[in-house]
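In what follows, a single structure is set out as structure tokens and then discussed.
2 protein chains.
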Amino acid sequence: MALNTQKPQLDPQYLEKLQDYYSEHKVIPSYSVLAGLWGISAKSWVSECVKRFEEAGFLDWTPDKQLKPGARFFERKLADSTVQAGLPNPAISDGYDLITIDDWLVKIPSRTALVRVKGDSMIDAGIHEGDLLVVEVQPNANVGEIVVAIVDNEFTVKYLQKERNEFVLRPANKAYPVIRPKGRLEIFGVMAGLARRTR
Amino acid sequence: MALNTQKPQLDPQYLEKLQDYYSEHKVIPSYSVLAGLWGISAKSWVSECVKRFEEAGFLDWTPDKQLKPGARFFERKLADSTVQAGLPNPAISDGYDLITIDDWLVKIPSRTALVRVKGDSMIDAGIHEGDLLVVEVQPNANVGEIVVAIVDNEFTVKYLQKERNEFVLRPANKAYPVIRPKGRLEIFGVMAGLARRTR
DNA sequence: GTAGCTTCCGAACATTCGTTCTGTGTCAGC
DNA sequence: GCTGACACAGAACGAATGTTCGGAAGCTAC
Numbered sequence: 001m002a003l004n005t006q007k008p009q010l011d012p013q014y015l016e017k018l019q020d021y022y023s024e025h026k027v028i029p030s031y032s033v034l035a036g037l038w039g040i041s042a043k044s045w046v047s048e049c050v051k052r053f054e055e056a057g058f059l060d061w062t063p064d065k066q067l068k069p070g071a072r073f074f075e076r077k078l079a080d081s082t083v084q085a086g087l088p089n090p091a092i093s094d095g096y097d098l099i100t101i102d103d104w105l106v107k108i109p110s111r112t113a114l115v116r117v118k119g120d121s122m123i124d125a126g127i128h129e130g131d132l133l134v135v136e137v138q139p140n141a142n143v144g145e146i147v148v149a150i151v152d153n154e155f156t157v158k159y160l161q162k163e164r165n166e167f168v169l170r171p172a173n174k175a176y177p178v179i180r181p182k183g184r185l186e187i188f189g190v191m192a193g194l195a196r197r198t199r
Numbered sequence: 200m201a202l203n204t205q206k207p208q209l210d211p212q213y214l215e216k217l218q219d220y221y222s223e224h225k226v227i228p229s230y231s232v233l234a235g236l237w238g239i240s241a242k243s244w245v246s247e248c249v250k251r252f253e254e255a256g257f258l259d260w261t262p263d264k265q266l267k268p269g270a271r272f273f274e275r276k277l278a279d280s281t282v283q284a285g286l287p288n289p290a291i292s293d294g295y296d297l298i299t300i301d302d303w304l305v306k307i308p309s310r311t312a313l314v315r316v317k318g319d320s321m322i323d324a325g326i327h328e329g330d331l332l333v334v335e336v337q338p339n340a341n342v343g344e345i346v347v348a349i350v351d352n353e354f355t356v357k358y359l360q361k362e363r364n365e366f367v368l369r370p371a372n373k374a375y376p377v378i379r380p381k382g383r384l385e386i387f388g389v390m391a392g393l394a395r396r397t398r
């Protein structure tokens, strides 16, 4: 006997279609538009579905009672490589975790900044030009960490190292020289992750 | 004599308040809420201001005539990283503030999956073990693209290449061999980006 | 069978939406 | 002092919104 799941069913395709719509327009549509999007012809049924998505945490309401994305709206499925059984159909298998990329990358939102990477001086550390560096903003760092420092009023991403009791910035690319700052080394923050877009 | 600027004035504070509202709720509010937000007591005037923001490219309309963020909505005021003295406020990515990292990486949510990278066979492409690969799920790909293929019931990330009219999977690491699949090559999707956590 | 769910449709309805139109106060230019 | 912009307020109005309710199918269980 199957145990009572308690939760009413909700069509994952509905959520996907709404997510696609949102990612295109950056707005949640009205019930009548949603009806068209989902192939439903009764607003009353849309209302019911919305309620379920709300209870599941995918949708929410503004203080002004307008529909908005909920906490779990931006979750993505994480395909587990080991448990894959031949079938390329992702809809069926249950081997998915759901996570949001932002939550995974950013631990302390208030102290986190994003910096666009310029140049290829850190290529050997797998940091490419155009990457978005996730930086935890703090005024100091440990030797060996990848830091974002401010040199000549510009951001620089480098390894932090020590050389004869002085801090130096070492690139991860033999074509670039080690930077030995004259005065105090000004650190903007420490690398906590990165995001890259390739398509 | 000043030349006629043509463009009517529009209060930058209005835009900022709307951006703040949006970044909190991820939705554009109605005219009456906007009126409250802007300290205006006539919807007619809100309508006029919206028109101006629309003409300036900050707001736009969905095909269903709903108000939505325009192309320039996510622009940042130039708090440029290069001109910054001392402590910059989180000077982000070139003039643009992202809604979320997720939004930057994922274009079609319903066809996007995340795959955890195993091994270092793509290290020369800047793909490290443990990285989260953003994959657009599709059954075929172009030569030269980085694909996620299913080989022996496991996900493999490799370059897709052609060799004597046969598809092969080439790693980006000289220590690994080229994979020449026996039968049909089963492609799970194409790499669209990646996320890495280093801390 | 029939009883009880669940899924979905359709109409009715008050509320809210955005537009339009008129009116008021202020400032600039002549 | 008059005129014309411009920035806003306020009312009026049809259209669109989301909710409620009643009912028609379909499936399951007994």
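Residue numbers (our numbering), protein chains in the order written: chain P, 1 to 199; chain F, 200 to 398.
The beta-carbon is built from N, C-alpha and C at its ideal position, and this holds for glycine as well.
So, does the CB of tryptophan 303 of chain F fall closer than 9 Å to a CB anywhere in chain P?
yes
Identify the contact partners of valine 374 of chain F in chain P, using a Cβ-Cβ distance below 7 Å as the criterion.
First, the residue type needs correcting, since residue 374 of chain F is alanine and not valine in the sequence shown. Per Cβ cutoff of 7 Å: no residues; alanine 374 of chain F is ~16 Å from chain P at best.
Would you kindly report the start and end of the unbroken beta strand (DSSP E) that includes aspartate 302 of chain F?
Where aspartate 302 of chain F is concerned, there is no enclosing beta strand (DSSP E), although the alpha helix (DSSP H) it sits in stretches over 300–304.
Measuring only the C-alpha atoms, how far is alanine 175 of chain P from serine 246 of chain F?
57 Å
If we define contact as Cβ-Cβ less than 9 Å, is phenylalanine 257 of chain F a contact residue for chain P?
no
Any beta carbon from chain P within less than 9 Å of aspartate 263 of chain F's own beta carbon?
yes
Among F:Leu368, F:Leu209 and F:Leu359, which has the Cα closest to the Cα of arginine 379 of chain F?
F:Leu368
For glycine 392 of chain F, three-class secondary structure by DSSP
strand
Counting only Cβ-Cβ distances shorter than 9 Å, please list the residues of the segment 23–53 of chain P near chain F, keeping chain order.
Ser23, Glu24, His25, Lys26, Val27, Ile28, Pro29, Ser30, Ser32, Val33 and Gly36
May I ask you to report which of helix, strand or coil DSSP gives glycine 318 of chain F?
coil
Within chain F, partners of proline 181 of chain P - CB distance below 9 Å
Near proline 181 of chain P there are no residues of chain F at all, since even the closest Cβ is about 16 Å away, more than 9 Å.
Taking the beta carbon of aspartate 152 of chain P as the centre, do at least 16 other beta carbons fall within 10 Å, making it buried, or is it exposed?
exposed
Between valine 115 of chain P and valine 148 of chain P, how many whole angstroms is the CB-CB distance? I'm expecting something under 8 Å.
6 Å
Quick one: list the residues of chain F neighbouring leucine 169 of chain P, beta-carbon separation under 7 Å, in chain order.
What leucine 169 of chain P touches in chain F: nothing, since even the nearest Cβ is about 17 Å away.
Under the criterion of a Cβ to heavy atom distance below 8 Å, does alanine 56 of chain P qualify as lining the ligand PLP?
As far as ligands go, the structure on display features none, and thus does not contain the ligand PLP.
So with CB distances below 8 Å, who are the chain P contacts of tyrosine 389 of chain F?
Reading off the sequence, residue 389 of chain F comes out as valine, not tyrosine. Under the 8 Å cutoff, chain P gives Arg199.
Show which residues of chain P have a CB atom less than 7 Å away from the CB atom of proline 268 of chain F.
Lys26
Could you tell me whether the Cβ atoms of tryptophan 38 of chain P and aspartate 11 of chain P are closer together than 9 Å?
yes
Rounded straight-line distance, which links the Cα of leucine 331 of chain F to that of tryptophan 104 of chain P:
10 Å
Output needed in chain order: residues of the segment 296–322 of chain F with a Cβ under 8 Å from some Cβ in chain P.
Leu297, Ile298, Thr299, Ile300, Asp301, Asp302, Trp303, Leu304, Val305, Lys306, Ile307, Pro308, Ser309, Thr311, Ala312, Leu313, Val314, Arg315, Lys317 and Ile322
Hey, how far is the Cα of threonine 261 of chain F from the Cα of glycine 235 of chain F?
23 Å
Using the C-alpha atoms, what's the distance from histidine 327 of chain F back to valine 334 of chain F?
15 Å
Does the beta carbon of leucine 359 of chain F come closer than 9 Å to any beta carbon on chain P?
no
Cross-chain neighbours of leucine 194 of chain P in chain F, by beta carbon under 7 Å
Arg395
Look up glutamate 186 of chain P in the DSSP assignment and say whether it is helix, strand or coil.
strand
Leucine 185 of chain P CB to nearest chain F CB: under 9 Å?
no
Straight-line CA distance for asparagine 341 of chain F to leucine 359 of chain F?
7 Å
Assigned secondary structure, valine 226 of chain F (DSSP; H/G/I helix, E/B strand, else coil):
coil
Less than 9 Å separating the beta-carbons of isoleucine 28 of chain P and leucine 78 of chain P?
no
Tyrosine 295 of chain F versus F:Ala270, F:Glu362 and F:Thr311, residue with shortest Cα-Cα distance
F:Ala270
Same chain, Cβ closer than 8 Å to glycine 119 of chain P, five either side skipped, listed in chain order:
Glu129
Which residues of chain P have a Cβ atom closer than 7 Å to the Cβ of glycine 325 of chain F, listed in chain order?
Gly126 and His128
CB contact check: arginine 76 of chain P to chain F, cutoff 9 Å
yes
Comparing the C-beta of valine 333 of chain F with each C-beta of chain P, is any distance below 9 Å?
yes
Residue from F:Gln337, F:Lys357, F:Val249 and F:Ile386 with nearest C-alpha to leucine 214 of chain F:
F:Val249
Residues in its own chain within less than 6 Å of valine 377 of chain F by CB, not counting five upstream and five downstream?
Val367 and Arg369
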